[in-house]
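Taking it in order: structure first as structure tokens, then the write-up.
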């Protein structure tokens, strides 16, 4: 219960201090500066408008949203001896539209000099090492404990949020199985991991954990503090979806175990 509470605190803390979409907009805009017009049009499509801006041009991308507000009304009746008061109010529904635009200024050579506006919808340059909002992942593979000779299917998950463009904080859970002649064994870890992306496809993570280890035959349960972490490499990265090759390790005074496998992530 304490481990679950600690993980919940980590998730809540990451959410409270989350580096979300609005925080990422200045970094996305800055990342486009110095890149080519061809690159931004390959990512965003052709602009909806183009006007001259000095020797270059100002390119505008925009989208329009339409919404509907429902009709509403209210009425009141007040009765008194010899008199009454009745009031009613009616507000018709409305259809509204809003337009969001982003402008990129390019010079005569087609190099982007500036980008202004909420560009999150269109996104950063492809392959940029930048993430925002919630991070979540599950993984499965073959696990091994230090006191067993046979690996068995194992896995885990994490959930948290980004604190900056490349740094996140998440609660993590690992469950590893193994066996030998004396029977099956299992290790559990509940941790709080800092996640860091030194490159767009490479992630590392580490943090403290509460570790529960049961020796072969599911005997001699040991519960205590430890460390949990690992590394992963994105085999497929499409937007916020990532399929990665993942190594997870847990060490404690009475145990060590890990899993090598594949993970499905949103980050």
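Numbering (my numbering), first residue to last: 992 to 1258.
Glycine is no exception: its CB is placed at the ideal position from the N, C-alpha and C atoms.
Keep in mind it's a predicted model, so treat the numbers as computed, not measured.
Given residue 1240, which residues of its chain have a CB within under 7 Å of its CB, disregarding the five upstream and five downstream residues? If you number the chain shown from 1, residue 1240 lands on position 249. Correct list, in chain order: 1220, 1221 and 1249.
Backbone secondary structure at residue 1211 - three-state DSSP: As a first step, residue 1211 is located in the chain shown; it is residue number 220 there, counting from the start. Under the three-state reduction of DSSP output, residue 1211 falls in the strand class.
Spatially closest choice to residue 1153 from 1122, 1201, 1068 and 1206, by CA coordinates: Translated into positions along the chain shown, residue 1153 becomes position 162. Measuring from the Cα of residue 1153, the nearest candidate turns out to be 1122.
Please report the distance separating the alpha-carbon of residue 1111 from that of residue 1196. The residue given as residue 1111 occupies position 120 in the chain shown. The residue given as residue 1196 occupies position 205 in the chain shown. Roughly 26 Å separates the two Cα atoms.
Can you tell me whether residue 1081 is buried or exposed, with buried defined as 16 or more other CB within 10 angstroms of its CB? On the chain shown, residue 1081 is found 90 positions in, with the first residue counted as 1. Exposed, by the Cβ-count rule.
Could you have a look at residue 1239 and say whether DSSP puts it in helix, strand or coil? Your numbering for residue 1239 matches position 248 in the chain shown. Residue 1239: strand per DSSP, three-state reduction.
Of all the beta strand (DSSP E) runs that stay within the bounds of the segment 1127-1161, which reach a length of 3 or more residues? 1141-1153
Secondary structure at residue 1087, three-state DSSP: helix, strand or coil? On the chain shown, position 96 is the one that residue 1087 refers to. In this structure, residue 1087 counts as strand in the three-state DSSP scheme.
Inter-residue Cα distance where the pair is residue 1012 and residue 1097: Walking along the chain shown from the start, residue 1012 turns up at place 21. Walking along the chain shown from the start, residue 1097 turns up at place 106. So the two alpha carbons sit approximately 25 Å from each other.
Should the segment 1165-1176 be regarded as contacting the segment 1136-1151, the criterion being three or more beta carbon pairs within less than 8 Å? yes
For residue 1046, I'd like the list of residues in its chain whose CB is within less than 6 Å of its CB, leaving aside the five on either flank, ordered along the chain. Within the chain shown, the letter at position 55 stands for residue 1046. Answer for residue 1046: 1099, listed in chain order.
Spatial neighbours of residue 1127 in its chain, beta-carbon cut-off 6 Å, leaving aside the 5 residues before and after: Here the question's residue 1127 lines up with position 136 in the chain shown. Within the same chain, Cβ atoms closer than 6 Å to the Cβ of residue 1127 are found at 1150 and 1257, the five residues on either side in sequence being excluded.
Could you tell me the alpha carbon to alpha carbon distance between residue 1075 and residue 1085, rounded to whole angstroms? Mapped onto the chain shown, residue 1075 falls at position 84. Mapped onto the chain shown, residue 1085 falls at position 94. Looking at the two C-alpha atoms, the distance is approximately 33 Å.
Among 1088, 1114, 1050 and 1101, which one has its Cα closest to the Cα of residue 1018? For the purposes of this step, residue 1018 is identified with residue 27 of the chain shown, where counting begins at 1. It is 1114 whose Cα lies nearest to the Cα of residue 1018.
Could you check if residue 1134 is buried or exposed, using at least 16 other CB atoms within 10 Å of its CB as the buried criterion? Within the chain shown, numbered from 1, the residue matching residue 1134 stands at position 143. Buried, since its Cβ has 16 or more Cβ neighbours within 10 Å.
Write down the C-beta distance between residue 1176 and residue 1139 rounded to the nearest angstrom, noting that I regard them as a contact closer than 8 Å. Sequence index remark: in the chain shown, residue 1176 carries index 185 (1-based). Sequence index remark: in the chain shown, residue 1139 carries index 148 (1-based). Between residue 1139 and residue 1176 the Cβ distance is about 5 Å, and since that is below 8 Å, they are a contact.
Along the alpha helix (DSSP H) that carries residue 1189, what are the first and last residues, could you check? For the purposes of this step, residue 1189 is identified with residue 198 of the chain shown, where counting begins at 1. Taken as a continuous stretch (DSSP letters only), residue 1189 belongs to no alpha helix (DSSP H), being part of the beta strand (DSSP E) at 1174-1190.
What does residue 1041 pair with, by DSSP beta-bridge criteria? In the chain shown, residue 1041 corresponds to position 50, counting from 1. The partner list for residue 1041 (beta bridge, DSSP) reads 1050.
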